[in-house]
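Protein sequence lines correspond, in order, to chains U and V. As numbered in our numbering, residues 112 to 570 make up the first sequence, in order. As numbered in our numbering, residues 112 to 570 make up the second sequence, in order. Scroll down for the structure; my scribbles are underneath it.
There are 2 protein chains.
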Amino acid sequence: MIDVKELYQKLDTYMNQTITLQGWIRNIRKQKDFGFIDFSDGTCFNHIQLVYDKENKCFDQINKLHIGAAITVTGTVKASIGAGQSFEMIIEDLVVEGDCPEDYPLQPKRHTREFLREIAYLRPRTNLFQAVFRIRSVAAHAIHTYFQEHGYLYVHTPLITTADCEGSDQMFKITSFNMDRIPTIDGHADMSKDLFGKQAFITGTGQLHGETFAMAFKKIYTFGPTFRTENSNTKTHANEFWMIEPEIAFCHLDGLMDIEEEMLKYIVNYVLEKCAEEIAFCDQYVENGLKEKLTKLVNSKFTRITHHEVIDILKKADMDFEFTPDYEEDIAKEHEKYITEYFNGPVFITNWPKDIKAWYMKTNEDGKTVAAVDLEVPGAGELMGGSEREADYQKLINRAHEMNVDTDTVDWFCNLRRYGGCYHSGFGMGFERLLIYLTGVENIRDVIPYPRTPKNCDF
Amino acid sequence: MIDVKELYQKLDTYMNQTITLQGWIRNIRKQKDFGFIDFSDGTCFNHIQLVYDKENKCFDQINKLHIGAAITVTGTVKASIGAGQSFEMIIEDLVVEGDCPEDYPLQPKRHTREFLREIAYLRPRTNLFQAVFRIRSVAAHAIHTYFQEHGYLYVHTPLITTADCEGSDQMFKITSFNMDRIPTIDGHADMSKDLFGKQAFITGTGQLHGETFAMAFKKIYTFGPTFRTENSNTKTHANEFWMIEPEIAFCHLDGLMDIEEEMLKYIVNYVLEKCAEEIAFCDQYVENGLKEKLTKLVNSKFTRITHHEVIDILKKADMDFEFTPDYEEDIAKEHEKYITEYFNGPVFITNWPKDIKAWYMKTNEDGKTVAAVDLEVPGAGELMGGSEREADYQKLINRAHEMNVDTDTVDWFCNLRRYGGCYHSGFGMGFERLLIYLTGVENIRDVIPYPRTPKNCDF
């Protein structure tokens with residue numbers, strides 16, 4: 112019993128040998144005296160063609176099988192005389208593990224991605240999702256491998272949290288109460304009676320907890336699910352998504368950009384190497400030029416430019432922007448697009464106006480900007496966002512008050528600045544945004560196994 | 112600028128060289144004319160001794176420093192003449208990045224673990240938690256590496272779910288509503304108005320979703336957080352913990368046990384290799400004989416025995432058990448302990464009475480037991496639990512009804528048996544239970560960065 116992956120890897124060994132495979136019939140062409148099965152076991156992107164003819168003792172049995180059926184099949188690997196493949200397997204014996212009815216929703220024709228979302232539990236069996244979810248798995252391992260090889264500690268920051276300094280409206284509340292019978296006190300829900308003795312949330316970031324570990328292990332990263340309550344139906348928003356959040360002690364903004372650039376190139380390279388078939392498929396059927404785009408990124412030097420310089424360029428641009436570029440404001444999607452095309456590659460934009468960024472970012476000496484950096488990538492927009500953190504206790508507290516942040520639930524986070532604090536930086540990368548970039552798939556719903564979006568939590 | 116880890120790895124290169132390190136003062140012994148700093152940067156378990164004397168231009172500055180301070184230090188690496196270390200660093204220059212006050216809670220003395228839990232954000236700086244959380248990180252990577260090298264797909268199963276077939280009492284409900292103003296209809300909470308249009312939960316398992324991917328990729332695993340509302344204050348229960356849940360198509364119970372055994376030995380071996388200092392520390396200060404226990408496991412053959420045979424052995428045992436062993440019942444902790452000691456190693460117990468196990472497990476031909484398997488490990492009890500899954504659609508539905516499971520929200524899961532289903536098996540391993548075994552630390556609160564237990568969600 113071997114996997115199809117192994118068969119492809121050691122084809123010389125298995126050629127002209129009798130082997131047994133287990134997997135699924137992706138397609139079957141039945142002729143009067145012979146037939147072909149398109150067979151896959153999901154262990155690699157490649158399928159294998161199984162051949163049978165009338166001489167075969169299982170001929171009648173095979174001819175009754177349906178697309179989708181699970182089979183155990185024994186046969187001989189032979190060089191193929193047909194077009195389209197270099198080898199095939201001549202069936203000698205076949206056991207049906209589980210047949211599939213005629214009304215199986217996944218027939219071998221072109222289905223829309225919208226339809227496939229409605230059968231989310233079957234879509235991993237299609238070529239597109241075999242490619243996308245294999246890339247997802249391999250990219251995840253690339254990330255772990257990069258950080259582990261570079262001496263980072265992987266931290267499982269908590270998902271359940273009572274720190275609501277980022278604004279609790281954006282977080283899901285959790286409760287062990289029966290929703291019909293929430294105890295009240297003075298007309299308010301009495302969360303002191305709930306399991307944790309107070310209102311708890313599921314988190315939108317692991318950064319605050321991550322920083323506490325960076326102050327002990329120097330270099331750490333998180334990689335886990337995060338949540339937003341955003342009632343937003345766009346191609347790039349989901350209510351549940353995975354984030355990578357590295358945090359590095361003794362690191363300024365320039366060092367942070369070095370890490371971001373090196374990490375991204377490492378991941379892209381790793382995926383290009385380990386998912387050659389999957390990338391080739393996406394290049395052909397999803398985004399023409401994908402492989403070239405990725406190869407180019409690995410070999411490029413990322414541009415580094417300030418927000419102020421970006422606005423200068425946008426103002427000088429011979430373009431009719433919907434939103435007027437402004438030194439005090441965030442940039443719009445159209446601006447991101449212009450800038451990455453202007454530099455023809457990835458662009459780090461630094462030193463953003465402080466009032467549009469988070470309270471814990473380090474204020475620059477100009478008093479107007481913060482040491483923040485966004486990485487803009489051609490075709491995918493903002494891929495990472497990071498900053499140097501405010502390392503001065505009093506400045507941090509002052510900034511929190513200016514921005515109406517309640518620091519009561521995060522006094523421990525602020526205290527890091529009192530107990531052997533140091534300059535440090537970190538960034539966040541949305542894993543799904545990376546996958547959109549790596550696969551060319553446009554909609555976040557198609558890079559998540561079971562996407563959670565407003566009114567959509569059916570599986 | 113190098114990490115202490117690199118210094119230890121390439122000591123020959125750096126000996127007698129001037130280098131710069133960045134990290135924290137773990138201890139400082141100030142004498143009249145000289146002094147010693149115990150320095151660590153968290154990149155490895157080993158510290159380094161820094162030496163300074165009155166000739167040093169920074170002498171007065173250093174003598175004012177406190178334990179916990181963050182420093183950048185330049186000096187020469189020299190063979191040590193003192194006892195306790197083979198080399199040390201003679202300080203030439205020092206910059207204080209962040210001092211630490213006299214009342215720093217983490218003074219270099221023996222603190223109780225209970226006290227350290229109260230300063231959870233500082234405890235990663237102690238030797239014990241440097242060891243525990245490094246082992247946690249390395250073990251996590253060992254798990255990913257094992258599965259990726261063996262052709263498994265890593266699946267991010269969703270955390271938010273509406274499938275409540277396991278009993279929604281055990282799951283946290285989530286909502287985007289203000290808890291004070293939950294809309295009602297006919298006196299009940301009207302969850303149809305919430306973000307997902309129905310009541311959603313955070314999940315207790317990724318298995319159901321994992322199976323859908325095993326039917327497409329053959330071999331998959333999950334590794335992510337899971338949640339229980341259990342109001343239980345024991346050493347082994349937490350409300351948030353991480354689980355690994357592999358699922359393998361075309362796999363019976365014997366094959367599953369092979370995988371469990373191989374995987375566990377791989378992880379233990381990996382940790383023994385990569386965390387030698389951390390394991391040595393735990394061996395000395397946490398569990399005497401830890402290293403021997405782990406080494407023995409790697410070289411042992413796990414026993415395989417049925418639940419019925421276990422009860423036979425327990426009934427014959429010359430022991431006064433608190434709970435009487437029973438062929439129809441689960442076994443108690445005292446029984447687990449007896450059995451692992453009886454076989455002097457890990458024991459797979461198979462074929463459990465069906466009524467104490469989950470509804471989706473395959474019923475054996477005797478009609479009384481299910482093809483389930485628990486792995487019992489000396490000192491840690493049940494480490495993994497798995498089963499062959501019921502692959503027959505009608506049998507699965509019948510069993511669900513017998514056990515009062517509402518299959519309405521998991522029709523897709525049941526349908527897997529109709530659409531090219533096949534015999535398949537899977538197991539779950541609680542990551543924290545593995546860590547308790549790997550470190551010798553007894554309380555689950557001490558192997559989780561920020562443990563969530565009843566009334567405890569303070570950081």
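Here a beta-carbon is modelled for each residue, glycine too, at the ideal position from N, C-alpha and C.
With a threshold of 7 Å between beta carbons, U:I271 makes contact with chain V. From the beta-carbon of U:K284, the residues of chain V found nearer than 8 Å are I285, T286, S287, F288, M290. Taking the Cα positions, V:F538 is about 14 Å away from V:G335.
U:I416 places its beta carbon 7 Å or farther from that of V:R563.
Where U:T131 is concerned, the enclosing beta strand (DSSP E) starts and stops at 129–141. In this structure, U:Q142 keeps its C-beta atom at 7 Å or more from the C-beta atom of U:E199. Taking the Cα positions, V:P357 is about 11 Å away from V:M495.
For U:L239, the closest alpha carbon among the candidates U:Q395, U:D519, U:K506, U:V421 is that of U:Q395.
Using a CB distance below 7 Å, the part of the segment 148–160 of chain U facing chain V consists of D152, G153, T154, ordered along the chain. One alpha carbon belongs to V:K426, the other to V:N509, and they sit about 34 Å apart.
U:G193 is not bridged by DSSP to any residue. In the three-state reduction of the DSSP assignment, V:W470 falls in the coil class, being assigned neither a helical nor a strand state.
Contact annotation for U:N342 against chain V: L306 [CB-CB distance below 7 Å, chain order]. Taking 7 Å as the cut-off, the Cβ atoms of U:F434 and U:A428 do not count as close. Closest in C-alpha terms to V:T518, from the list V:Y471, V:L227, V:D123, comes V:Y471.
Exposed is the label assigned to U:L122, since fewer than 16 other Cβ atoms lie within 10 Å of its Cβ. With the criterion set as a beta carbon lying under 8 Å from some beta carbon of chain U, the members of the segment 312–339 of chain V are I313, H320, T323, F324, M326, A327, F328, K329, K330, G335, P336, F338, in sequence order. From the beta-carbon of U:D114, the residues of chain V found nearer than 9 Å are G262, K329, K330. Annotated as proximal: V:A502 and V:Y534, with beta-carbon spacing under 7 Å. U:N350 sits buried, since 16 or more C-beta atoms from the chains shown fall within 10 Å of its C-beta. Of all residues in the segment 176–209 of chain V, the ones placed with a Cβ closer than 9 Å to any Cβ belonging to chain U are H177, I178, G179, A180, A181, I182, T183, E208, G209, in chain order.
Within chain V, no C-beta atom comes less than 9 Å from the C-beta of U:N380; the nearest is roughly 16 Å away.
Within the model, the alpha-carbon separation for U:I555 versus V:V558 is close to 34 Å.
Inter-residue distance for V:A251 and U:Y265 is about 8 Å (C-alpha atoms, whole angstroms). The beta carbon of U:K566 sits closer than 7 Å to some beta carbon of chain V. According to the DSSP assignment, U:S498 belongs to the beta strand (DSSP E) that extends over 492–499. Per DSSP, the continuous beta strand (DSSP E) segment holding V:M354 begins and ends at 351–360.
Nearest to V:F258 by alpha-carbon distance, out of V:I173, V:E513, V:S151, V:K329, is V:K329. In the structure shown, the three-state DSSP call for U:L205 is strand. Residue state for V:V184 is assigned as strand, using DSSP reduced to three classes. Secondary structure remark: continuous beta strand (DSSP E) runs of at least 3 residues inside the segment 368–422 of chain V, in chain order: 414–417.
U:Y377 and U:L408 have their C-alpha atoms some 11 Å from each other. In this model, V:D210 and U:Y504 are separated by some 12 Å (Cα to Cα). Going by C-alpha positions, U:K175 is about 14 Å away from U:N167. By the neighbour-count criterion, in which a residue is buried when 16 or more other Cβ atoms sit within 10 angstroms of its Cβ, U:A194 is exposed. Contact of U:Q259 with chain V by beta-carbon distance below 7 Å involves H252.
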